[in-house]
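This report concerns only the one structure given below.
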Amino acid sequence: MSFNVYLSGEIHTDWREQIEEGAKAAGLNITFTAPVTDHDASDAAGDHLGAEDNQFWRDHKSSKVNAIRTQTLIQKADLVVVRFGDKYKQWNAAFDAGYCAALNKPYITLHAEDIIHPLKEVDATAQAWATTPEQVVEILRYVLKA
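Numbering (the working numbering), first residue to last: 126 to 271.
Right, here's the structure in full:
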């Protein structure tokens, strides 16, 4: 069995690489996709459409260009992992989880225990909540090899 997994959320740690390496070590047939994780590149995704004097409009254009990638890859995914880190608020990750819920797309949340309360609605519709990338790999192993 093969799987397509979209890795959404926090971009400041190596959690994606840990999941990808763990899946490879477990011999799992998974294609991983992700948003653009270069923050500056993501912020500038719409800059080629023309300069803006107001930051809102620059962000607005770039978010729409980024959404082409995000929505397409989430729609194509068999499963989405949504990571919430502790350093920044990942509103985009919460939005991706909501998009998954609207599509009835299975997703796993990945976050620390200290943010359970603010993510209670996001976790409520997830198929699983993990606290480590290793737990995510174990879920993937079970789903693909059980």
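For every residue, glycine included, the Cβ atom is placed at its ideal position computed from N, Cα and C. Given the structure is predicted, the values throughout are model-derived calculations rather than measurements.
Considering just the uninterrupted stretch of the beta strand (DSSP E) at residue i, what are its terminal residues?
i, result
"N129", "127–134"
"L204", "204–208"
"A251", "Premise fails: A251 is in no beta strand (DSSP E) and is neither H nor E."
What is the DSSP secondary structure of residue i, reduced to helix, strand or coil?
i, result
"V161", "coil"
"L235", "strand"
"N179", "coil"
"T197", "helix"
"N191", "helix"
"N154", "strand"
"D139", "coil"
"N229", "coil"
By alpha-carbon positions, which one of the options ends up nearest to residue i?
i, options, result
"F128", "L198, V247, D211, E259", "L198"
"H236", "P258, D221, F209, Y224", "F209"
"K189", "D178, D211, N217, L204", "N217"
Rounded to whole angstroms, how far is the Cβ of residue i from the Cβ of residue j, which I believe are closer than 8 Å?
i, j, result
"V207", "T234", "5 Å"
"V161", "R194", "7 Å"
"T147", "E259", "In the sequence on display, residue 147 carries Gly and not Thr. Indeed, because the Cβ distance is near 6 Å, the residues count as touching under 8 Å."
For the alpha helix (DSSP H) that contains residue i, what are its first and last residues?
i, result
"I240", "No alpha helix (DSSP H) contains I240, which DSSP labels as neither H nor E."
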